[in-house]
Amino acid sequence: MVYHDLLKDPEARNEVLLEEFGLREEELTPRVVVSPLPFKYIFPEDYEERLKEEGIAFRYFRPDDAILSAFHGNLLLEKDGRKGLVLFLGRGVVEFSERIMVLSTSERVEEILFLGSAGGIKDVYTGDLVIPEAAVPFENVSEIYVDVVRHLPLPDEGLVEEVEGYARETGLRVVRGVHATVPLVYMETEEFLSYLARIGTITVDMEISAFFRILRRNGKRGAALVRVSDVPLLGHHLFSEEYERTKPTLRRKALEAMFHVALRFLRLKGGE
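This is how it looks when you write it as structure tokens:
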């Protein structure tokens with residue numbers, strides 16, 4: 017049996033899910049939060065205590081994958097009979113595309129929220145929350161799986177509206193706009209980022225266009241929310257003094273906001 021056919025065989029598929037996510041098909045939930053980043057980059061440091069305060073039970077699943085297993089694992093959250101998953105899929109368009117393809121071919125999964133970070137291009141600043149309305153793909157990895165004419169890198173509009181509502185509850189600045197996805201972070205020259213600004217993109221990452229395309233291919237609803245980590249064209253990059261000075265406060269507020277949005281999306285927390 018070739019690897020692609022493993023996804024079609026129920027027993028083999030469970031082996032794939034255990035390898036990639038640490039769980040079986042019957043443990044998947046209709047709504048799932050995914051990220052290319054470990055939890056400490058999308059949630060506050062004390063997220064376990066916050067879950068307990070909200071009355072949310074949690075359990076970790078550790079994937080068999082040699083790289084992913086070194087991290088904390090994936091989260092199953094439960095409250096009042098409602099369940100939701102938070103899955104770490106790995107950084108970069110290659111690893112992420114493969115795992116989002118596996119996840120989104122499940123009939124049990126219906127809606128997926130992407131949480132991550134992105135570099136700012138224009139009209140945004142570190143700590144802002146951005147909801148991509150479309151993604152311009154500068155990657156061709158996802159083209160292996162999709163028909164680029166039929167499966168456009170667009171989110172589900174209804175889910176975008178829902179996620180925007182949750183994000184605005186946090187009081188942080190929320191921006192909607194066009195996003196760009198690249199395969200490699202060090203391809204981001206000043207000339208290239210200036211080009212992205214000229215064509216109207218406001219943020220850039222390494223996964224979102226593949227996320228939108230593959231969900232379109234598999235008939236799932238998806239939306240994305242990213243925190244702006246830095247704005248290199250303004251000299252505010254990961255190694256700058258200004259970034260180090262402002263990071264603690266801006267990062268903490270953004271992570272708290274993303275945690276709130278995740279719980280609201282999974283329907284584990286009511287409105288405030």
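Count along the sequence shown starting at 1, add 16, and that's the number in my numbering.
Built from N, CA and C at the ideal position, the CB exists for glycine as well.
With H, G and I counted as helix, E and B as strand and the rest as coil, what does DSSP make of residue i?
i, result
"N30", "helix"
"K13", "Nothing about residue 13 can be read from this structure; the chain reaches only from 17 to 288."
"T217", "strand"
"K269", "helix"
"V244", "strand"
"R280", "helix"
"F37", "coil"
"L44", "coil"
"F59", "coil"
"F130", "strand"
So residue i is in the alpha helix (DSSP H); what residue range does that whole segment cover?
i, result
"S225", "I224 to R233"
"R75", "Run containing R75: none in the alpha helix (DSSP H); it sits in the beta strand (DSSP E), A73 to F77."
"K95", "Segment N90 to K95 is the beta strand (DSSP E) holding K95; no alpha helix (DSSP H) there."
"E123", "Note, E123: premise wrong, no alpha helix (DSSP H); not H, not E."
"K68", "Y63 to E69"
Residue i lies in the beta strand (DSSP E); which residues open and close that run?
i, result
"S113", "Not the beta strand (DSSP E): S113 falls in the alpha helix (DSSP H), residues V109 to S120."
"K99", "R98 to F104"
"V49", "R47 to S51"
Give every residue of the same chain whose Cβ lies closer than 7 Å to the Cβ of residue i, excluding the five residues on either side of it in the sequence, and list them in chain order.
i, result
"V244", "A134, G136, V140, Y141, T142, G143, D144, V146 and T219"
"D21", "none"
"K269", "G143 and L188"
"V242", "G132, S133, A134, V146, T219 and D221"
"F87", "P54 and F104"
"G71", "K95"
"R233", "Y161, V162 and H167"
"L212", "I137, A196 and V220"
"Y63", "F55 and F275"
"T217", "I137, V152, V194, H195 and A196"
Among the residues of its own chain, which have a CB less than 8 Å from the CB of residue i, if the five just before and after it don't count?
i, result
"E155", "V109, T197, V198, P199, M222, S225 and A226"
"P79", "L34, E35, E36, F37, G38, S85, G89 and N90"
"E42", "R124"
"G174", "R237"
Among the residues of its own chain, which have a CB less than 6 Å from the CB of residue i, if the five just before and after it don't count?
i, result
"V279", "At residue 279 the sequence reads Leu, which differs from the Val that was named. So the qualifying residues of the chain are K285."
"R283", "R98"
"E94", "A73"
"V201", "none"
"L67", "F74"
"F281", "L129"
"T186", "A273 and H276"
"T45", "K99, G100 and L101"
"P26", "none"
"A28", "L22"
"L231", "S120 and G238"
"E61", "none"
Since residue i and residue j are thought to touch, with beta carbons under 8 Å apart, how far apart are those beta carbons, to the nearest angstrom?
i, j, result
"V18", "L103", "About 25 Å; that fails the 8 Å criterion."
"A240", "P171", "6 Å"
"E159", "K236", "Incorrect: roughly 18 Å between the Cβ atoms, too far for contact."
"L209", "I58", "Wrong, their Cβ atoms sit about 24 Å apart, outside the cutoff."
"P52", "G106", "6 Å"
Just checking: is the beta-carbon of residue i within a distance shorter than 7 Å of some beta-carbon in chain B?
i, result
"I218", "Protein chain content of the structure displayed is limited to a single chain, and chain B is not contained in it."
Counting only runs of 4+ residues fully inside the stretch 142-222, write out the alpha helix (DSSP H) ranges in chain order.
173-184 and 206-214
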